[in-house]
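S.K.: Using the numbering used here, the first residue of the sequence shown is number 8, and each one after it goes up by one. The beta carbon of each residue, even a glycine, is placed where N, CA and C say it ideally should be. Have a look at this one.
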Amino acid sequence: MQAALVYEREIYAITEAVRRWRYYLLGRKFFIITDHQSLKGLLTQTIQTPAQYCWLTKLLGYDYEILYTLGKANVVADALSRHSAASLCLFVGLTVNTPSIIAALRQFFSSHPAGISLRRHLQHTTSSALHFSEQHGLVFYHTRLFVPEQMDLRQSLISEFHSSAVGGHSGARATMARLAASFY
8 MQAALVYERE IYAITEAVRR WRYYLLGRKF FIITDHQSLK GLLTQTIQTP AQYCWLTKLL
68 GYDYEILYTL GKANVVADAL SRHSAASLCL FVGLTVNTPS IIAALRQFFS SHPAGISLRR
128 HLQHTTSSAL HFSEQHGLVF YHTRLFVPEQ MDLRQSLISE FHSSAVGGHS GARATMARLA
188 ASFY
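Shown next as C-alpha cells:
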C-alpha cells in the first residue's frame with residue numbers, strides 16, 4: 008500500500024475502517040470525514056480501475072455521507088495518524104469507563120482488608136524492588152494499574168474491553184492484549 012496513490016490509500020483506509028466497525032455502522036447513517044476532496048464525490052465518479060470497483064463494492068449497503076474538511080481542521084485524524092500503535096492502545100484502553108474503574112480500585116485499596124494490607128506492605132518495603140508503587144490511592148505495577156484477584160472488577164473489565172465499541176468484539180488474544188497494556 009506504500010506505493011499506491013494517495014487517492015487509493017484514502018479509499019483503502021475508508022473501506023478498512025468501515026469493515027472494522029461494520030457491526031456498529033450497519034443500519035445507521037454515518038459520516039466519513041476526509042481531507043481528500045476528490046473522495047467527496049466518490050459515488051458519482053466514473054470507476055477507472057478494478058481496485059476502485061472492489062473498494063466501492065465494499066461500501067454498498069451502508070448509509071453514509073462523505074464530508075470534506077481541510078486537513079488543518081481535521082486535527083483528530085492528524086493526531087491519530089501520527090501516534091505509534093503502543094500509545095493508541097493505551098489511549099483506547101483508558102477510554103473505557105475509566106472513572107468508575109478508578110473509583111472502585113481506590114475504594115478497594117482504602118477499605119478492603121486485602122487492599123489495606125497491600126498498601127501497608129508497599130509502605131514498608133522498597134517498592135522499586137517489587138516494581139509496585141502507590142500513587143493517589145492506586146497501586147501500580149510499573150506503569151499499569153494493579154487489579155487484585157479479590158475484586159470482581161476483573162470480569163467486568165474483560166467484558167467491557169471485549170463488548171464495548173472500543174473492543175469491537177475482538178477475540179480473546181486481542182482483548183487480553185489491550186487489557187495487559189493498561190492493567191496488571
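With which residues is Lys-47 paired in a DSSP beta bridge?
M.R.: Its beta-bridge partners do not exist; DSSP assigns none.
S.K.: Give me the Cα-Cα distance between Leu-66 and Thr-150, rounded to the nearest whole angstrom.
M.R.: Computed Cα separation, rounded: 41 Å.
S.K.: Please identify the residue among Leu-112, Arg-26, Ala-187, Phe-147 whose C-alpha is closest to the C-alpha of Gly-68.
M.R.: The option with the nearest alpha carbon to Gly-68 is Arg-26.
S.K.: Please determine, among Ser-170, Gly-178, Trp-62, Leu-145, the residue with the shortest C-alpha to C-alpha distance to Ser-118.
M.R.: With distances taken between Cα atoms, Ser-118 lies closest to Leu-145.
S.K.: In whole angstroms, what is the alpha-carbon distance linking Thr-182 and Phe-168?
M.R.: The alpha-carbon atoms of Thr-182 and Phe-168 are separated by roughly 6 Å.
S.K.: Using the DSSP secondary-structure output, state which residues sit across from Leu-74 in a beta bridge.
M.R.: Leu-74 is bridged to Ile-40.
S.K.: Locate the beta strand (DSSP E) running through Gln-162, then write down its first and last residues.
M.R.: Gln-162 -> not in any beta strand (DSSP E); alpha helix (DSSP H) instead, spanning 160–170.
S.K.: What is the DSSP secondary structure of Gln-59, reduced to helix, strand or coil?
M.R.: Three-state result, Gln-59: helix.
S.K.: Once the 5 residues before and after Gln-130 are set aside, which same chain residues still bring their CB inside 8 Å of it?
M.R.: Around Gln-130: Glu-141.
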